[in-house]
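> This structure is in C-alpha cells; I'll ask about it shortly.
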Amino acid sequence: MRVIYTDGHAVHAPKRFITRGAIVQSPEKPERAEILFRAAQAAGHSLIPAGTYGAGPAARVHDAGYLDFLENAWSRWCALPDHADEIVPNVHSGRNMSARPRHIVAQSGHYQADTACPIGAGTWEGALASSDVAVTAADLLADDIDGGDRGAYLYALCRPPGHHAYADQAGGFCFLNNSAIAAQHLRDRGAERVAILDVDVHHGNGTQGIFYERGDVLTVSLHGDPATYYPFFTGFANERGTGAGAGCNRNFPLEQGTGDNTYMGILGAALEVVTSFKPDALVVALGLDASEADPLAFCKITTDGFRRMGRTISETGLPSLLVQEGGYISDQLGDNLASFLAGFQRVRA
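If you want it as C-alpha cells, here you go:
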C-alpha cells in the first residue's frame, strides 16, 4: 500500500488537555505519527513524502476568516502581555452572544470550540503539513481513477487529525479537516459523488457540518453515543442532512463497550448506505481510537477487529483513500494500523 506522510506535523506539539476539569498532557502528540509511520514501514508499505499545496485546498472547505485566524493567531497572541505558551480559550461565544469578535482572546473562544485544540508556535504549519498529506493522496487517487484503476487505494498518515474541524472552528485536537479537504479535492479532480465513512470512535461532527447541506458528498459516521461521549452535541441518528443534502448524512451511535461482532454488524449497515450512494470514490476517516486499549477508550475493538474492519470496507471495491484521524498512544496502536491495512489490502491484492 502507498503511504503518504510528512515530518512537518511535528512542529505542532500541544502541551495541555483539559478533561473533566483536570489539566493533563495532550494525548495528541507527535509520537502518535511516529508510531504509525514505523508500523507502516515495518509492514513493508511504500512510503511517499507529501507534496506542498499551501492553504488553497483547505480554502475550498474552510472559511477565509477562520484560516486567517489560524495563520496569524500565534503572532497576535504573543503581542499580549503575560501570555501563556499556548492559546487556550477562557471564554467562548455561547448561544447568547452575538457580537463579532475582534480581540485575539475573543477570537480564540469563537474559533476554538473547546480546550482540546490549543494553538502554539507551530500549529498552523503542522496543520498545513497534515492537509498536504491528504491532498497528495487525493491527487494520486484521482490520477489512478483517471487511468482507469477503480480498485486503487492509499493511506494518508495525517497528523494532527481533522474530522472535528468545522468550516470555521477548530475542536477536538483538529484544525483543518483533512478528510473533508480530501473529499473536496477529489470532487475538484472530477469525482461527481464522494462518500466519507468515518470509523473514528468520536463523531465526525466537523465533517458533517461542512457537507450537511450538500448532496454530492455523503457523510456516514460510526461513533460512541454522543448522549454520553464527545462531541456530545451532534452525531445522533436523526441528523440526516438538510436542503440539497437531505438524506446524505447518516449517523450510527454505538453503545459503550461495543465489541468486534456488534461493530461489524453495524459497519455492514453503514456500508449499505455508502454503496447505495454509488460514489466515484470513498474517503475513510480512519480513527483507531475504538481500540480496547486506547487511552480514550469507549469501544472494545481488538486488533483482529481492525483487520476485519479493513477487509469489510475494502470489499466495497471503491477507489479508496484512508485518512488517519484519531488513535492515541497504547501498546496496540501500531499493531492496529498494520492490522487494518493488511485486512484492507488483502482483498485487493
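Letter 338 of the sequence shown, counting from 1, is numbered 333 in my numbering, and no numbers are missing. Ideal placement from N, C-alpha and C gives every residue a C-beta, glycine not left out.
(1) Is Tyr61 closer than 8 Å to Tyr106 when the C-beta atoms are compared?
(2) Can you confirm whether the region 281 to 296 touches the region 238 to 254 when touching is taken to mean that 3 or more C-beta pairs between the two stretches lie within less than 8 Å?
(3) Please return the same chain residues whose Cβ sits closer than 8 Å to the Cβ of Gly115, not counting the five positions on each side in sequence.
(4) In chain order, what residues of the same chain lie with their CB nearer than 7 Å to the CB of His78, ignoring the 5 residues before and after it?
(5) Closest by CA to Ile140, which one among Thr47, Ile261, Asp284, Leu313?
(6) Are His180 and Ala133 close, meaning C-beta to C-beta below 8 Å?
(7) Could you check what DSSP says for Ala94 in three-state terms: helix, strand or coil?
(8) For Ala346, count the other beta carbons within 10 Å of its own beta carbon; 16 or more makes it buried, fewer makes it exposed. Which is it?
(9) Along the chain, where does the alpha helix (DSSP H) containing Pro25 start, and where does it finish?
(10) Give, in chain order, every unbroken run of the alpha helix (DSSP H) that is at least 4 residues long and sits entirely within the region 255 to 293.
(11) Considering only heavy atoms of the ligand HEM, does any lie closer than 7 Å to the CB of Ser93?
(12) Leaving out five residues on either side along the sequence, give the residues of the same chain with a beta carbon under 8 Å from the beta carbon of Glu208.
(13) When you compare the CB positions of Cys112 and Phe64, do they come within less than 8 Å of one another, or not?
(14) Keeping to the same chain, check which residues put their C-beta closer than 6 Å to that of Gly219; ignore five residues upstream and five downstream.
(15) Start and end of the beta strand (DSSP E) containing Pro248?
(16) Of all the beta strand (DSSP E) runs that stay within the bounds of the region 306 to 341, which reach a length of 3 or more residues?
(17) Would you call the CB atoms of Ser125 and Gly157 closer than 8 Å?
(18) Using a Cβ-Cβ cut-off of 7 Å (strictly less than) and excluding sequence neighbours within five positions of Ala53, which residues of its own chain qualify?
(19) Here's a check: name, in chain order, each residue in its chain whose Cβ is nearer than 6 Å to the Cβ of Phe301, leaving out the five neighbours to either side.
The short version:
(1) As a working mapping, residue 106 is identified with position 111 in the sequence shown. As a working mapping, residue 61 is identified with position 66 in the sequence shown. Closer than 8 Å, so yes.
(2) With a cut-off of 8 Å, the region 281 to 296 and the region 238 to 254 count as touching, because enough Cβ pairs lie within range.
(3) As a first step, residue 115 is located in the sequence shown; it is residue number 120 there, counting from the start. Closer than 8 Å at the Cβ level, and outside the excluded window around Gly115, lie His7, Ala8, Pro9, Lys10, Trp69, Asp80, Glu81, Ile82.
(4) As a first step, residue 78 is located in the sequence shown; it is residue number 83 there, counting from the start. Answer for His78: Trp72, listed in chain order.
(5) Taking the sequence shown and counting its residues from 1, the one referred to as residue 140 is at position 145. Of Thr47, Ile261, Asp284, Leu313, the smallest CA-CA separation from Ile140 is found for Leu313.
(6) As a position in the sequence shown, residue 180 is number 185, starting the count at 1. As a position in the sequence shown, residue 133 is number 138, starting the count at 1. In contact: His180 and Ala133 (Cβ atoms closer than 8 Å).
(7) What you label residue 94 is simply residue 99 of the sequence shown in a count that begins at 1. Three-state result, Ala94: coil.
(8) Lying outside -4 to 344, the shown extent of the chain, residue 346 is not represented and no answer is given.
(9) The residue labelled residue 25 in the question sits at position 30 within the sequence shown. DSSP places Pro25 inside the alpha helix (DSSP H), whose first and last residues are 25 to 37.
(10) With a minimum length of 4 residues, the continuous alpha helix (DSSP H) runs that stay inside the region 255 to 293 are 255 to 272.
(11) No copy of the ligand HEM appears in this structure; indeed no ligand is present at all.
(12) Here residue 208 is taken as the residue at index 213 of the sequence shown, counted from 1. Closer than 8 Å at Cβ, skipping near neighbours: Gly236, Thr237, Gly238, Ala239, Gly240.
(13) Sequence index remark: in the sequence shown, residue 112 carries index 117 (1-based). Sequence index remark: in the sequence shown, residue 64 carries index 69 (1-based). Cβ distance not < 8 Å, so Cys112 and Phe64 don't count as in contact.
(14) Sequence index remark: in the sequence shown, residue 219 carries index 224 (1-based). Close CB contacts of Gly219 within its chain, under the 6 Å cut and outside five residues either way in sequence, are with Val196, Leu249, Phe293 (chain order).
(15) Here residue 248 corresponds to residue number 253 of the sequence shown, with the count starting at 1. It spans 244 to 249 - the beta strand (DSSP E) in which Pro248 sits, taken as one unbroken run.
(16) List check, beta strand (DSSP E) in window: 315 to 319.
(17) Locating residue 125 in the sequence shown gives position 130, counting from the first residue. Locating residue 157 in the sequence shown gives position 162, counting from the first residue. Taking 8 Å as the Cβ cut-off, Ser125 and Gly157 qualify as a contacting pair.
(18) In the sequence shown, the residue the question calls residue 53 occupies position 58. Hits under 7 Å: Leu62, Ser126, Leu171, Ile176.
(19) As a position in the sequence shown, residue 301 is number 306, starting the count at 1. Here the set comprises Asn331, Ser334, Phe335.
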